[in-house]
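Colleague: The end of the sequence shown is residue 215 by UniProt numbering, with every number in the run present. Sharing a structure with you now.
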Amino acid sequence: MTECKTELSLRERRQVETWTQIHEAALDLALADGLAAATIDAIADRAGISRRTFFNYFPSKEDALLGLRAPQLSDEVRERFRISKEPTLLRLTRLVRGTVRETSATDKLGRTADMKRRKELVHAHPELALRMKAHMGAVSEMLTKELERAEREVAAGLEEPLGDGLTHEDAEAAIMLANSILLHAFKTYGETALHRESDAIIRSLETFRNLLESK
């Protein structure tokens with residue numbers, strides 16, 4: 001999360017600590033001995049956990065290396081999107097970014113976990129960037145389903161339609177574009193593009209806008 005708004009229970013804090021131990025163990029092994037050495041068994045052993053516990057936190061070693069979680073839309077990100085008065089495409093790009101940020105790159109206490117080391121690892125093993133790209137695609141798919149749910153609630157009079165005259169069908173296409181904008185920002189500016197304070201997505205949005213307007 002970007003902020004820890006409520007105090008975590010002891011159980012939750014232990015889960016955070018275990019998640020961090022696994023992520024750091026994976027990075028330690030991969031950076032010291034190479035990607036092939038960072039097997040699930042080796043990561044679990046270094047983190048002091050069982051193989052079964054590893055899979056309670058990560059579905060693969062790639063996810064452990066990158067610190068990825070299953071995409072989900074938090075109440076905080078949803079509310080920031082709802083109250084924003086920015087143009088819809090920028091709002092949607094921030095929505096994608098907020099969701100990507102909360103399911104990668106940070107632990108559940110809101111700390112940016114090992115950004116420098118993770119960047120070093122991805123630079124040495126570009127194939128890991130493909131996993132991050134797939135993760136961002138999964139985020140877009142999840143958000144598209146969220147829009148479909150919202151569309152049903154709009155039809156039932158339970159939710160306000162999106163601004164700027166966009167239908168939810170338009171917004172689905174906009175999320176695909178927003179994902180591309182964020183991917184461009186991520187590739188160009190690195191993980192700093194995930195920071196809420198960063199203007200990387202605005203610069204990438206301008207790049208896309210200039211390209212579209214030049215045609």
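By construction, the Cβ of each residue, glycine as well, lies at the ideal position given by its N, Cα and C atoms.
#1: Three or more C-beta pairs closer than 8 Å, one from the segment 128–144 and one from the segment 38–46: is that the case here?
#2: To the nearest angstrom, report how far apart A124 and A155 are at their CA atoms.
#3: If you draw a straight line from the C-alpha of E146 to the C-alpha of S74, how long is it?
#4: Out of R117, A185, V77, state which residue places its alpha-carbon closest to the alpha-carbon of A32.
#5: Going by beta-carbon coordinates alone, are R78 and S104 separated by less than 9 Å?
#6: Going straight from the alpha carbon of L35 to that of R101, what length do you get?
#7: Contact defined as beta carbons within less than 8 Å: I believe L89 pairs with A26. What is the distance between those atoms, to the nearest angstrom?
#8: Helix, strand or coil, according to DSSP, for K119 in the structure here?
#9: Tell me whether E148 sits in a helix, a strand or coil according to DSSP, three-state version.
#10: Going along the chain, which unbroken runs of the alpha helix (DSSP H) with 4 or more residues stay wholly within the UniProt domain "HTH tetR-type" (16–76)?
#11: My understanding is that A178 touches L92, with C-beta atoms under 8 Å, so please give their C-beta distance in whole angstroms.
#12: State buried or exposed for R94, treating a residue as buried only when at least 16 other CB atoms are found within 10 Å of its CB.
Modeller: The relevant details are as follows:
#1: no
#2: As a first step, residue 124 must be located in the sequence shown, where it is residue number 124. As a first step, residue 155 must be located in the sequence shown, where it is residue number 155. Near 49 Å, if we compare the C-alpha coordinates of A155 and A124.
#3: Start at 1 with the first residue of the sequence shown, and residue 146 comes out as number 146. Start at 1 with the first residue of the sequence shown, and residue 74 comes out as number 74. Using only the alpha carbons, I get a separation of about 12 Å.
#4: For the purposes of this step, residue 32 is taken as residue 32 along the sequence shown, with counting starting at 1. Comparing Cα positions, the closest option is R117.
#5: As a working mapping, residue 78 is identified with position 78 in the sequence shown. As a working mapping, residue 104 is identified with position 104 in the sequence shown. No. Outside cutoff.
#6: Your numbering for residue 35 matches position 35 in the sequence shown. Your numbering for residue 101 matches position 101 in the sequence shown. If I take the Cα positions, the gap works out to 24 Å.
#7: Position 89 of the sequence shown, counted from the first residue, corresponds to residue 89. Position 26 of the sequence shown, counted from the first residue, corresponds to residue 26. About 36 Å separates the two Cβ atoms, so there is no contact after all.
#8: Mapped onto the sequence shown, residue 119 falls at position 119. In the structure shown, K119 sits in a helix (DSSP, three-state: H, G or I).
#9: One-based indexing of the sequence shown puts residue 148 at position 148. Residue state, collapsed to three classes: helix.
#10: 40–47, 51–57, 61–66
#11: Here residue 178 refers to the residue found at position 178 when the sequence shown is read from its first residue. Here residue 92 refers to the residue found at position 92 when the sequence shown is read from its first residue. Sure, about 4 Å apart at Cβ, within 8 Å.
#12: On the sequence shown, residue 94 is found 94 positions in, with the first residue counted as 1. When all chains shown are included, R94 counts as buried.
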